[in-house]
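Enquirer: Sharing a structure here in structure tokens format.
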Amino acid sequence: MTKQSALAVNALALLPAHIKADFVQNECVNSEHFTDGELCLTVSGDEYHFYVAVKTIHRKESLNSLFADAAPNTLLICNRLTPYLADICMENGVNFIDSAGNVRINNGTLHIWIESKKPNPSQIDINLASKSNTLGEGAAKLLFVLLSSPDVLNLSYREIAEYANISLGMVSKGLGILQAESLISLGYTRRILDAERMLNLWVEAYRLSIRPKLGGIRLQFEGDWQDVPMKENDFWGGEAAAEKLTHYLHPQELQLFTRQPLQKKLAQLKCRPNPEGNLWLVPAFWGAKLAWSETSQALLAVAELEASKDSRNIEVARMIHEQYL
Numbered sequence: 018m019t020k021q022s023a024l025a026v027n028a029l030a031l032l033p034a035h036i037k038a039d040f041v042q043n044e045c046v047n048s049e050h051f052t053d054g055e056l057c058l059t060v061s062g063d064e065y066h067f068y069v070a071v072k073t074i075h076r077k078e079s080l081n082s083l084f085a086d087a088a089p090n091t092l093l094i095c096n097r098l099t100p101y102l103a104d105i106c107m108e109n110g111v112n113f114i115d116s117a118g119n120v121r122i123n124n125g126t127l128h129i130w131i132e133s134k135k136p137n138p139s140q141i142d143i144n145l146a147s148k149s150n151t152l153g154e155g156a157a158k159l160l161f162v163l164l165s166s167p168d169v170l171n172l173s174y175r176e177i178a179e180y181a182n183i184s185l186g187m188v189s190k191g192l193g194i195l196q197a198e199s200l201i202s203l204g205y206t207r208r209i210l211d212a213e214r215m216l217n218l219w220v221e222a223y224r225l226s227i228r229p230k231l232g233g234i235r236l237q238f239e240g241d242w243q244d245v246p247m248k249e250n251d252f253w254g255g256e257a258a259a260e261k262l263t264h265y266l267h268p269q270e271l272q273l274f275t276r277q278p279l280q281k282k283l284a285q286l287k288c289r290p291n292p293e294g295n296l297w298l299v300p301a302f303w304g305a306k307l308a309w310s311e312t313s314q315a316l317l318a319v320a321e322l323e324a325s326k327d328s329r330n331i332e333v334a335r336m337i338h339e340q341y342l
């Protein structure tokens, strides 16, 4: 594998799970820009095609040659860009995916803005220790479904997989983990043994395993959050979910889960993308079969409020815990 192809593979491997990337590298060398390969991104069933340049970028001068040929259907795959170089790309209409997980794409219909937070070296050991003691993404999704609807535990493994939006193998692995922790029993009659400890585990697993992989897009929403157009498969998380349950918290940061294709929902919202925006639009991570309930709403609210580390939010999370969980 060449350095160029390795760079492309490593960068695309960091895309969120809901974005499928098919990259075909051109075998012949061409001096023209954006001719190193072709990339098809599949997001919520919709395909977006790009002509690709794969380059190592260390300074602004390395980008200058790309500006004249940059177009909505071109994209740069590169090493980790500094915030300064990332901003220069955006100012000159250069879509990019870098090897640190940063993505900025705007082709007129597809808007993706992902910023990877590089951990503080002094916190790496702490973060690794925390991750080793929590559930992975698949097991965390399973935990959410079991807490939302405990009866799901007694369905077939195939049905559980559909409810949780995970693989059949992950159902077996996840249930095994929960049983080993004495949280559930998988005897003749399956049952939950320690719902309170499962809830505490869910809050931590959401923060460490699910939330970083939600993807989605940040939008700037102006006006009353209750005027956001909601469809049947749209669900509030975080502060808005908390307000619906308690009527105590005036939402400042909005989180909206949707089962619709993000681009379709984006058109309904009529909001402009903004990495600092107050509305975080994200794909629903659970399966379509899960019947929505106040418990589901409360689980999403508590997990996001706790993850915010905001003292006001944490107070409301505890209120919801006492009233609904």
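Each residue of the sequence shown is one higher than the one before, starting from 18 at the first, in our numbering.
Think of the CB as a built atom: it goes at the ideal place given N, C-alpha and C, for glycine as much as any other residue.
Computed from a predicted model, the values in this text were never measured in an experiment.
(1) Closer than 7 angstroms by C-beta to lysine 306: which residues in its own chain qualify, once you throw out the five before and the five after it? Chain order, please.
(2) Is the Cβ-Cβ distance between proline 291 and glutamine 237 less than 9 angstroms?
(3) Could you check whether isoleucine 94 and valine 60 sit closer than 9 angstroms to each other, using their CB atoms as the reference points?
(4) Looking at the structure shown, is glutamine 340 part of a helix, part of a strand, or coil, going by DSSP?
(5) I'd like to check one pair, leucine 283 with aspartate 251: are the Cβ atoms closer than 9 angstroms?
(6) Tell me whether the beta-carbon of alanine 308 lies closer than 9 angstroms to the beta-carbon of tryptophan 219.
(7) Is glutamate 321 helix, strand or coil when you go by DSSP?
(8) Less than 7 angstroms between C-beta atoms, sequence neighbours within five positions excluded: which residues of the same chain meet that for alanine 315?
(9) Is it buried or exposed for alanine 258, if we count other Cβ within 10 angstroms and need 16 for buried?
(10) Could you compute how far the alpha carbon of arginine 335 sits from the alpha carbon of alanine 318?
(11) For threonine 275, which option in Val299, Trp242, His128 has the closest C-alpha, if you only look at C-alpha atoms?
(12) Who are the Cβ neighbours of lysine 148 in its own chain at under 7 angstroms, not counting the five residues just before and after it?
(13) Mapping DSSP to helix, strand and coil, what is phenylalanine 161?
(14) Quick one: what's got a C-beta closer than 6 angstroms to leucine 31's C-beta in the same chain, skipping five residues either side?
(15) When you compare each of Leu170, Tyr68, Lys37, Leu56 to threonine 206 by their alpha carbons, which one comes out closest?
(16) Please report how far the alpha carbon of leucine 58 lies from the alpha carbon of glycine 204, in whole angstroms.
(17) For glutamine 269, which of helix, strand or coil comes out of DSSP?
(18) What number of angstroms, rounded off, separates the C-alpha of arginine 328 from the C-alpha of methionine 215?
(19) Give me the Cβ distance between glutamate 421 and glycine 254, rounded to the nearest whole Å; I'm assuming they're in contact under 8 angstroms.
(20) May I have the straight-line CA-CA distance separating arginine 97 from proline 246, to the nearest angstrom?
(21) Evaluate glycine 240 with the Cβ neighbour count: other Cβ atoms within 10 Å of its Cβ, from every protein chain shown; 16 or more gives buried, anything less gives exposed.
(22) Contact defined as beta carbons within less than 8 angstroms: I believe alanine 87 pairs with valine 111. What is the distance between those atoms, to the nearest angstrom?
(23) Could you name the residues of the same chain whose beta carbon sits closer than 6 angstroms to that of glycine 125, not counting the 5 residues immediately before and after it, in chain order?
(24) Which residue comes first and which comes last in the beta strand (DSSP E) that contains valine 169?
(25) Less than 9 angstroms between the beta carbons of serine 166 and serine 310, yes or no?
(26) What would DSSP say about glutamine 277, mapped onto helix, strand or coil?
(27) For the beta strand (DSSP E) holding threonine 59, just list the boundary residues, first then last.
(28) In whole angstroms, what separates the C-alpha of alanine 23 from that of glutamine 243?
(29) Determine the burial state of asparagine 137: buried for a count of at least 16 other Cβ atoms within 10 Å of its Cβ, exposed for fewer.
Expert: Let me spell this out:
(1) Locating residue 306 in the sequence shown gives position 289, counting from the first residue. Result list for lysine 306: Glu179, Tyr180, in chain order.
(2) Mapped onto the sequence shown, residue 291 falls at position 274. Mapped onto the sequence shown, residue 237 falls at position 220. The question names proline, but residue 291 is asparagine in the sequence shown. Result yes, Cβ atoms of asparagine 291 and glutamine 237 sit closer than 9 angstroms.
(3) Translated into the one-based positions of the sequence shown, residue 60 becomes position 43. Translated into the one-based positions of the sequence shown, residue 94 becomes position 77. No, these two residues do not count as a Cβ contact at 9 angstroms.
(4) Numbered from its first residue, the sequence shown carries residue 340 at position 323. Helix at glutamine 340.
(5) Locating residue 251 in the sequence shown gives position 234, where the first residue counts as 1. Locating residue 283 in the sequence shown gives position 266, where the first residue counts as 1. No. Outside cutoff.
(6) Translated into positions along the sequence shown, residue 308 becomes position 291. Translated into positions along the sequence shown, residue 219 becomes position 202. Going by C-beta atoms, alanine 308 is not nearer than 9 angstroms to tryptophan 219.
(7) Within the sequence shown, the letter at position 304 stands for residue 321. If DSSP states are grouped into helix, strand and coil, glutamate 321 belongs with the helices.
(8) Residue mapping note: residue 315 aligns to position 298 of the sequence shown, counting from 1. So the qualifying residues of the chain are Leu262, Ile337, Tyr341, Leu342.
(9) Position 241 of the sequence shown holds residue 258. Buried, by the Cβ-count rule.
(10) Residue 335 sits at position 318 when you count from the first residue of the sequence shown. Residue 318 sits at position 301 when you count from the first residue of the sequence shown. Approximately 10 angstroms between the Cα atoms of the pair.
(11) If you number the sequence shown from 1, residue 275 lands on position 258. Of the candidates Val299, Trp242, His128, the one whose C-alpha sits nearest the C-alpha of threonine 275 is Val299.
(12) Start at 1 with the first residue of the sequence shown, and residue 148 comes out as number 131. Bear in mind that the predicted position of lysine 148 carries a pLDDT of just 39, short of 50, making it unreliable; the figure below should be weighed with that in mind. These residues qualify, in order along the chain: Leu225.
(13) Position 144 of the sequence shown, counting from 1, holds the residue named residue 161. Helix.
(14) On the sequence shown, position 14 is the one that residue 31 refers to. The answer, listed in chain order, is Gly118.
(15) By one-based count along the sequence shown, residue 206 stands at place 189. Cα-wise, what sits closest to threonine 206 is Leu170.
(16) In the sequence shown, residue 58 corresponds to position 41, counting from 1. In the sequence shown, residue 204 corresponds to position 187, counting from 1. Straight-line Cα distance between these residues: approximately 44 angstroms.
(17) Along the sequence shown, read from residue 1 onward, the residue named residue 269 stands at position 252. Coil, per DSSP.
(18) Counting from one through the sequence shown, the residue named residue 328 turns up at place 311. Counting from one through the sequence shown, the residue named residue 215 turns up at place 198. A small fix is needed here, since residue 328 is serine in this sequence, not arginine. Each residue's Cα considered, the two are about 23 angstroms apart.
(19) Given a span of 18 to 342 for the chain in the structure shown, any question on residue 421 remains unanswerable.
(20) As a first step, residue 97 must be located in the sequence shown, where it is residue number 80. As a first step, residue 246 must be located in the sequence shown, where it is residue number 229. Taking the straight line joining both Cα atoms gives about 37 angstroms.
(21) Position 223 of the sequence shown, counting from 1, holds the residue named residue 240. Exposed is the call here.
(22) Here residue 87 refers to the residue found at position 70 when the sequence shown is read from its first residue. Here residue 111 refers to the residue found at position 94 when the sequence shown is read from its first residue. With 8 angstroms as the limit, alanine 87 and valine 111 qualify as a contact, their Cβ atoms being about 5 angstroms apart.
(23) Mapped onto the sequence shown, residue 125 falls at position 108. Around glycine 125: Pro89.
(24) As a first step, residue 169 must be located in the sequence shown, where it is residue number 152. Premise fails: valine 169 is in no beta strand (DSSP E) and is neither H nor E.
(25) Taking the first residue of the sequence shown as 1, we reach residue 166 at position 149. Taking the first residue of the sequence shown as 1, we reach residue 310 at position 293. Yes. Within cutoff.
(26) Translated into the one-based positions of the sequence shown, residue 277 becomes position 260. It is coil, neither helix nor strand.
(27) Taking the sequence shown and counting its residues from 1, one reaches residue 59 at position 42. Element bounds for threonine 59: 54-60.
(28) On the sequence shown, position 6 is the one that residue 23 refers to. On the sequence shown, position 226 is the one that residue 243 refers to. Their backbone Cα atoms lie some 46 angstroms apart in a straight line.
(29) Translated into positions along the sequence shown, residue 137 becomes position 120. Its pLDDT being 40, under 50, asparagine 137 is placed unreliably in this model, and the value from its coordinates should be taken loosely. Classification for asparagine 137: exposed.
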